[in-house]
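*Asks:* Sharing a structure here in structure tokens format.
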Amino acid sequence: MPKPTKNTDSPVSSLVLLAKMPGKTSFSSLFSVKHALGTKKVGHTGTLDSFAEGLLVVCTGGLTRIASRITAFDKEYEAIIAFGRETDTLDPYGTVVRSAPLPTVKAFTDAFEAFRGELMQRPPAFSALHIDGVRSSDLARKGVAVDVPERKITVFNSCIKEIREKDGFVEYAHVVFHVSKGTYIRSLARDIAASCGSAAHLAGLLRTKVGSFRLEDAAGFGLLKPFTIERVVSSVEKVHEAEIASGASDEQSVQAEIRQKMRSMTPEVALECGFKTLFLKDGYVDWFFHGKPLSERLFQQFQPCGESLQNEYAVFTGSTAQHAETPMFAGIIENNGHALKYGFVMSEAASQNN
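Numbered as in the numbering used here, the sequence shown ends at 423 without a single skipped number.
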């Protein structure tokens with residue numbers, strides 16, 4: 070049986086909900102988390118383009134190992150679609166590559182409603198996807214023609230919040246999408262516009278939800294400005310200047326919020342992350358931390374899954390909710406229906422700092 074890998078190099082293992090400001094990259098937004106928690110081991114669970122704003126779910130310390138689980142969650146967005154011009158980046162700062170007439174309200178609404186359910190989508194050339202080992206966006210910036218393959222996505226739900234008309238045609242639309250992992254809202258805007266005989270790009274993008282994690286619970290949420298057509302359109306010209314220049318007092322406030330709101334891996338958080346939970350029997354805590362062979366006898370009230378199911382479990386020391394001690398996160402194991410195997414094990418020190 071393979072031994073588990075251990076995480077030993079971070080003083081704080083936590084989940085942080087962070088409100089990314091428009092104009093910042095996802096990477097630069099992690100500065101606040103690193104400095105607030107005094108750790109270099111930080112990773113987000115899905116990037117936002119620099120022009121976009123909203124929720125980043127950040128993992129620190131040993132919990133960076135669960136980032137892929139959160140990346141797979143459904144996501145919810147609000148977007149401002151600007152009609153009439155398509156840019157190479159499909160955002161406000163790209164070069165215009167196509168112009169077309171504005172759509173009628175009926176043409177837009179009919180097209181919008183058709184983009185629900187399972188769809189095939191071609192991601193933007195300017196994206197983080199890799200083509201033959203090279204980032205698609207790097208190739209596109211060099212002028213290389215990029216053929217990004219289509220892939221299946223799902224639009225679970227969508228609605229139109231507001232339409233701004235110009236001479237009876239749709240100039241801007243404020244829309245909401247609930248989508249599957251890997252969906253590009255920029256591509257949705259492009260394809261909806263093409264479907265109604267127009268062209269478009271995104272003027273603004275706001276991520277409001279990742280799985281069950283909500284933007285309004287994020288550190289820095291109070292610094293975001295209202296997401297409306299009027300605000301987004303008026304601020305497009307100054308996003309790279311005024312909006313990213315938050316003062317020292319704002320940065321200190323965000324760091325204080327991060328320390329206050331950071332979430333340890335508890336049984337409740339594990340369920341939010343989509344894991345089942347298991348509790349080690351008192352006599353098997355050291356056994357687990359030393360990576361000895363797994364079996365059902367290590368755990369309290371273990372309920373095996375069906376043979377066809379694959380399940381991941383978050384393992385905790387302590388006991389059930391009635392136990393006097395607070396359960397500590399110990400690691401992740403997997404059950405493929407036939408056998409248990411280690412995903413990873415926290416170091417005992419990291420588990421206590423979780």
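Quick reminder that beta carbons are idealized off the backbone N, C-alpha and C, glycines included.
These figures come from a predicted structure and were not determined experimentally.
By alpha-carbon positions, which one of S137, V215, G115 ends up nearest to E381?
*Replies:* Indexing the sequence shown from 1 puts residue 381 at position 312. Out of S137, V215, G115, S137 has the C-alpha closest to the C-alpha of E381.
*Asks:* Which one or two residues does DSSP pair with I229 in a beta bridge?
*Replies:* The residue labelled residue 229 in the question sits at position 160 within the sequence shown. BP columns for I229 point to V244.
*Asks:* So does the region 320-327 actually touch the region 112-119, counting three or more Cβ pairs closer than 8 Å?
*Replies:* They do not touch, by the three-pair rule.
*Asks:* Entirely within the region 137-203 and at least 4 residues each: give me those alpha helix (DSSP H) ranges in chain order.
*Replies:* List check, alpha helix (DSSP H) in window: 174-183.
*Asks:* Report the rounded CA-to-CA distance for F181 versus C342, giving the unit in angstroms.
*Replies:* By 1-based counting over the sequence shown, the position of residue 181 is 112. By 1-based counting over the sequence shown, the position of residue 342 is 273. Distance between the alpha carbons of F181 and C342: 31 Å.
*Asks:* According to DSSP, is Y382 part of a helix, a strand, or is it coil?
*Replies:* Looking up residue 382 in the sequence shown gives position 313. Note: Y382 maps to strand in three-state DSSP.
*Asks:* Report yes if the CB atom of V85 is closer than 8 Å to the CB atom of A288, and no otherwise.
*Replies:* Translated into the one-based positions of the sequence shown, residue 85 becomes position 16. Translated into the one-based positions of the sequence shown, residue 288 becomes position 219. For V85 and A288, yes; Cβs fall inside 8 Å.
*Asks:* Given P336, which residues of its chain have a CB within under 7 Å of its CB, disregarding the five upstream and five downstream residues?
*Replies:* Counting from 1 along the sequence shown, the entry for residue 336 is found at position 267. Result list for P336: T346, F385, P396, in chain order.
*Asks:* What are the start and end residues of the alpha helix (DSSP H) that includes E341?
*Replies:* Indexing the sequence shown from 1 puts residue 341 at position 272. 336-341 is the extent of the alpha helix (DSSP H) around E341.
*Asks:* Under a Cβ-count criterion, where at least 16 other Cβ atoms within 10 Å of its own Cβ denotes burial, should R259 be classed as buried or exposed?
*Replies:* Residue numbering aside, residue 259 sits at position 190 when the sequence shown is read from its first letter. Label assigned to R259: buried.
*Asks:* Considering Cα atoms alone, identify which of P170, P172, I149, F358 is closest to P161.
*Replies:* Position 92 of the sequence shown, counted from the start, is the residue given in the question as residue 161. Here the closest residue by C-alpha is I149.
*Asks:* Alpha carbon to alpha carbon, how far is F348 from K410? Give it in angstroms, no decimals.
*Replies:* What you label residue 410 is simply residue 341 of the sequence shown in a count that begins at 1. What you label residue 348 is simply residue 279 of the sequence shown in a count that begins at 1. Their Cα atoms are separated by approximately 16 Å.
*Asks:* Where D157 and K250 are concerned, what is the direct C-alpha to C-alpha distance, given to the nearest angstrom?
*Replies:* For the purposes of this step, residue 157 is taken as the residue at position 88 of the sequence shown. For the purposes of this step, residue 250 is taken as the residue at position 181 of the sequence shown. Approximately 23 Å, taken between the alpha carbons.
*Asks:* Output the distance between the C-alpha atoms of F238 and I232, rounded to the nearest integer angstrom.
*Replies:* Here residue 238 refers to the residue found at position 169 of the sequence shown. Here residue 232 refers to the residue found at position 163 of the sequence shown. Each residue's alpha carbon lies about 10 Å from the other.
*Asks:* Note down the Cα distance separating A242 from G123, rounded to an integer number of angstroms.
*Replies:* Here residue 242 refers to the residue found at position 173 of the sequence shown. Here residue 123 refers to the residue found at position 54 of the sequence shown. Answer to the nearest angstrom: the Cα atoms are 19 Å apart.
*Asks:* Excluding five sequence neighbours on each side, which residues of the same chain lie with their C-beta closer than 7 Å to the C-beta of Y353?
*Replies:* In the sequence shown, counting from the first residue as 1, residue 353 sits at position 284. Excluding residues within five positions, the ones whose Cβ falls inside 7 Å are L367.
*Asks:* From Y146, L125, S83, pick the residue whose C-alpha is nearest to that of S98; which is it?
*Replies:* The residue labelled residue 98 in the question sits at position 29 within the sequence shown. Looking at the Cα atoms, L125 is the closest of the given residues.
*Asks:* Using 10 angstroms around the beta-carbon of F120, count the other beta-carbons present and answer buried if the total reaches 16, otherwise exposed.
*Replies:* Along the sequence shown, read from residue 1 onward, the residue named residue 120 stands at position 51. Buried, since its Cβ has 16 or more Cβ neighbours within 10 Å.
*Asks:* Determine the contact status of V414 and F371, defining contact as a CB-CB distance below 8 Å.
*Replies:* Here residue 414 is taken as the residue at index 345 of the sequence shown, counted from 1. Here residue 371 is taken as the residue at index 302 of the sequence shown, counted from 1. No, these two residues do not count as a Cβ contact at 8 Å.
*Asks:* Answer with buried or exposed for R255, where buried requires no fewer than 16 other C-beta atoms within 10 angstroms of its C-beta.
*Replies:* Taking the first residue of the sequence shown as 1, we reach residue 255 at position 186. Buried is the call here.
*Asks:* What does the Cβ neighbour count give for G153, buried or exposed, with the cut at 16 atoms within 10 Å?
*Replies:* Numbered from its first residue, the sequence shown carries residue 153 at position 84. G153 comes out buried.
*Asks:* Can you give the Cα-Cα distance for K103 and A383, rounded to whole angstroms?
*Replies:* Stepping through the sequence shown from its first residue, residue 103 is reached at position 34. Stepping through the sequence shown from its first residue, residue 383 is reached at position 314. When rounded, the distance between both Cα atoms is 25 Å.
*Asks:* Helix, strand or coil: how does DSSP classify S281 here?
*Replies:* Within the sequence shown, the letter at position 212 stands for residue 281. If DSSP states are grouped into helix, strand and coil, S281 belongs with coil.
*Asks:* What does the Cβ neighbour count give for S227, buried or exposed, with the cut at 16 atoms within 10 Å?
*Replies:* Counted from its first residue, the sequence shown places residue 227 at position 158. S227 is buried by the Cβ-count criterion.
*Asks:* Name, in chain order, the residues that DSSP records as bridge partners for I402.
*Replies:* The residue you call residue 402 lines up with position 333 of the sequence shown. Bridge partners of I402: Y382, Y411.
*Asks:* Looking only at C-alpha atoms, which of A194, A105, E285 sits nearest to G163?
*Replies:* Within the sequence shown, numbered from 1, the residue matching residue 163 stands at position 94. Nearest option by C-alpha distance: A194.
*Asks:* Go ahead and pull the three-state DSSP assignment for S416.
*Replies:* For the purposes of this step, residue 416 is taken as the residue at position 347 of the sequence shown. The answer is coil: DSSP assigns S416 none of H, G, I, E or B.
*Asks:* What does the Cβ neighbour count give for R276, buried or exposed, with the cut at 16 atoms within 10 Å?
*Replies:* Locating residue 276 in the sequence shown gives position 207, where the first residue counts as 1. That one is buried.
*Asks:* What is the DSSP secondary structure of G352, counted as helix, strand or coil?
*Replies:* Within the sequence shown, the letter at position 283 stands for residue 352. Helix at G352.
*Asks:* DSSP puts V224 in a beta bridge; with which residues?
*Replies:* Translated into the one-based positions of the sequence shown, residue 224 becomes position 155. Paired residues: G186, V248.
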